[in-house]
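Each number in my numbering comes from the position in the sequence shown (counting from 1) with 67 added on.
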Amino acid sequence: MKNSIFEGAATALITPFKNGSIDYDSLKALIEDQIKGGIDALVIAGTTGEAATLDHEEHCELLKKSVEYVAGRVPVIAGTGSNDTAYGIELSQYACQVGCDALLLVTPYYNKATPKGLIESFLATAEATDKPIILYNVPARTGVNITLPVYKELAKHERIVAVKEASGNLSSIAELFAECGDAFDIYSGNDDQIVPIMSLGGKGVISVFSGILPRETHDLCAACLAGDFKTGAEMQLKYLKLMNALFCEVNPIPVKAASALLGLCGEEIRLPLCQMEDANLQKLKAVMAEYRLLK
């Protein structure tokens with residue numbers, strides 16, 4: 068088995084904006100809040116971080132500043148996947164240079180690559196970089212699914228060490244554990260599937276929910292890692308309503324709104340994403356109040 072990047076809960080961190088630019092004061096505060104909350108790793112510039120709306124300079128500076136702020140306390144995982152493999156390699160090489168601990172590579176979106184193209188794209192990045200890689204499968208967003216034969220081929224590479232599985236297909240994920248569970252780590256990419264995936268042998272979650280409740284997400288995963296799936300299931304069910312509320316609109320709109328309500332950052336978000344519909348915002352506030360997060 069390859070070395071794990073982390074075990075437990077990693078937060079897919081939002082990117083705070085202010086007046087059209089990245090708000091680095093809020094970013095630093097968010098990172099401190101996460102680390103004090105016991106989070107096990109941080110993902111920077113992923114889907115939740117609105118990476119698709121960052122220009123090249125912003126993306127690079129965000130990674131560099133995040134490494135600086137974290138200062139080695141938890142692993143920093145850089146979202147560097149792209150639908151342009153050459154550009155993704157450029158970002159990935161920069162992430163390696165500034166000290167990111169690992170790379171999160173989403174499947175190339177929009178292009179709808181063939182299985183052969185996916186393999187060649189991921190391997191090209193692996194060969195051009197020197198950090199461990201987490202593959203990121205989220206077909207609802209990208210339009211392409213990583214199939215089991217593709218996973219089996221990619222698992223042979225020494226630096227492809229893990230998978231973030233956000234397909235939501237537990238049957239396919241179970242097959243992945245059966246065929247590749249000894250070849251790389253598998254993380255849940257969906258908060259509502261943490262316990263099912265960890266019960267199959269998953270090492271944790273890359274989470275949106277932990278963006279507002281890092282300690283609770285860490286504790287849920289820690290229980291599962293200790294084999295206490297009863298406690299894990301109880302926590303999963305306890306927070307399920309809030310987890311689902313954070314997806315009442317497309318991610319990261321609700322979690323950024325929730326973070327603003329908690330005073331963690333401003334509510335600014337970049338087009339084509341926009342502010343929540345008022346009816347959904349009121350529902351989110353009501354659920355947060357149920358969990359005593361708001362008065």
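A virtual CB, placed ideally from N, CA and C, is assigned to each residue, including glycine.
Beta-carbon gap between C288 and V272 smaller than 8 Å: yes
For the candidate residues K305, E135 and K297, whose alpha-carbon lies nearest to that of D372? Any answer about residue 372 is impossible in this case: the structure gives the chain only from 68 up to 362.
Does the region 302 to 319 come within contact of the region 85 to 103, defined as at least 3 CB pairs closer than 8 Å? no
Bridge partners of N231, per DSSP? In the sequence under discussion, the amino acid at residue 231 is Lys, which differs from the Asn named in the question. Paired residues: Y203 and Y254.
Between the alpha carbons of D151 and Q303, how many angstroms are there, rounded? 37 Å
Could you check what DSSP says for S71 in three-state terms: helix, strand or coil? coil
Inter-residue CB distance, L171 and G146 (contact presumed, cutoff 8 Å): 5 Å
Okay, do the region 207 to 218 and the region 167 to 187 touch, 3+ Cβ pairs below 8 Å being the bar? yes
Check whether the Cβ atoms of K198 and C163 sit closer than 8 Å, and answer yes or no. yes
Limits of the unbroken beta strand (DSSP E) element including I111: A108 to I111
Candidates I336, C341, L309 and L340: which alpha carbon is nearest R359's? L309
Here's the rule: buried if 16 or more other CB atoms are within 10 angstroms of the residue's CB, otherwise exposed. What is L129? buried
According to DSSP, residues forming a beta bridge with I89: F84
Where L172 sits in the DSSP three-state scheme: strand
Contacts around G87, its chain only, beta-carbon distance under 7 Å, and the 5 residues preceding and following it disregarded: none
Does E117 pass the burial test, meaning 16 or more other C-beta atoms within 10 Å, or should it be called exposed? buried
Is it right to say K85 is buried, meaning 16 or more other beta carbons lie within 10 angstroms of its own, or is it exposed? exposed
Report yes if the C-beta distance between I279 and A327 is below 8 Å; otherwise report no. no
N- and C-terminal bounds of the alpha helix (DSSP H) containing G336: As written in the sequence, residue 336 is Ile, which differs from the Gly given in the question. From DSSP, I336 is part of no alpha helix (DSSP H); its letter is neither H nor E.
Using a threshold of 8 Å, state whether the C-beta atoms of M120 and R282 are closer than that. For the sequence presented, residue 120 should be read as Thr rather than Met. It is not a contact, given that the beta carbons lie outside the stated cut-off.
Distance check for I200 and A356, CA to CA, integer angstroms please. 38 Å
Could you have a look at T298 and say whether DSSP puts it in helix, strand or coil? helix
Smallest Cα separation from S188: which of I89, S159, A77 and L94? S159
Please state the DSSP three-state secondary structure of S274. strand
Could you name the residues of the same chain whose beta carbon sits closer than 6 Å to that of Y177, not counting the 5 residues immediately before and after it, in chain order? N150
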